[in-house]
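In this note's numbering, the protein residues as written are 236 to 293.
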């Protein structure tokens, strides 16, 4: 006969692993510092200005 298994411990370890995986995914997706966010914002504003500058006036 095998060794008894604590199902609560198994369940909690599984939940911790899932939470860690989700946290790692969020860190990749949303983990940017303020300088990176500002750089992206400035880049988007410049692209919008450039695009608006190429519109034809009627």
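Beta carbons are placed, not taken as given, at the ideal position from N, Cα and C, and that holds for glycine.
Once DSSP output is grouped into helix, strand and coil, what is the label at residue i?
i	result
residue 267	coil
residue 288	helix
residue 238	coil
residue 253	helix
residue 293	coil
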